[in-house]
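J.: Got a structure for you, written out below as structure tokens; questions coming shortly.
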Amino acid sequence: MRRCRRQRSPCSPHTSITVGADKAYDVAEHVERLRAKNITPHIAVNDYVTQTGRARKTSIDGRTTRHKGYDISQSKRKMIECLFGWGKQHGIMRKTKHWGLVGVAADVLLNLIGYNLIRIPKLLAQME
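First residue of the sequence shown? That's 0 in numbering that gives the first Met the number 0, and the numbers climb one at a time after it.
Set out below in structure tokens:
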């Protein structure tokens, strides 16, 4: 909703707002609050089976998961998670060496550049 207020032109009534999150946010109260504000929750489904064999109850139902936009949102989320995972494992994002927004932003940018340099040969191989 804040996004609509900040934009110069108002959001049309047909524009839907979505919020993506990991499965830790698959809680009934959180999903209900989002839906009360007309926000579509694109939250990863928590269908984990516990050690006792009971499956956890998810708050995300078929109203959300049946749409193609939900699948697109989850695949984009996975790509972003892979990028940050690479930066923490191979890059310099595990422990930042700088204080302040400028230094940390430079670290993140350097990680993005490194990740793209690794992806370029793979993308070129797919094109051939």
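No residue lacks a Cβ here, since even glycine has one placed at the ideal position from N, Cα and C.
Which two residues bound the contiguous beta strand (DSSP E) that contains residue 41?
T.: Here the beta strand (DSSP E) through residue 41 covers 38-42.
J.: Would residue 61 and residue 90 be called neighbours here (beta carbons separated by less than 8 Å)?
T.: The answer is no: Cβ separation not under 8 Å.
J.: To the nearest whole angstrom, what separates the beta carbons of residue 55 and residue 46, a pair I think is in contact under 8 Å?
T.: Residue 55 to residue 46, Cβ: 7 Å. Contact.
J.: Quick one, which of 106, 44, 124 has its alpha-carbon nearest residue 63's?
T.: That would be 44, whose Cα lies nearest to the Cα of residue 63.
J.: Tell me whether residue 110 is buried or exposed, calling it buried when 16 or more other Cβ atoms sit within 10 Å of its Cβ.
T.: Classification of residue 110: buried, given that the 10 Å Cβ count is 16 or more.
J.: State the DSSP-derived secondary structure class of residue 112, mapped to helix, strand or coil.
T.: Residue 112 falls in the helix class under three-state DSSP.
J.: Please go through the same chain and pick out, in chain order, the residues whose beta-carbon is closer than 7 Å to the beta-carbon of residue 93, but skip the five residues on each side of it.
T.: Taken in chain order, the residues that qualify are 87.
J.: Just to confirm my understanding: we take residue 30, look at its own chain, exclude 5 residues before and 5 after, and list those with CB closer than 6 Å. What are they?
T.: So the list reads 40, 58, once near-sequence residues are dropped.
J.: So, are the CB atoms of residue 14 and residue 38 less than 8 Å apart?
T.: No.
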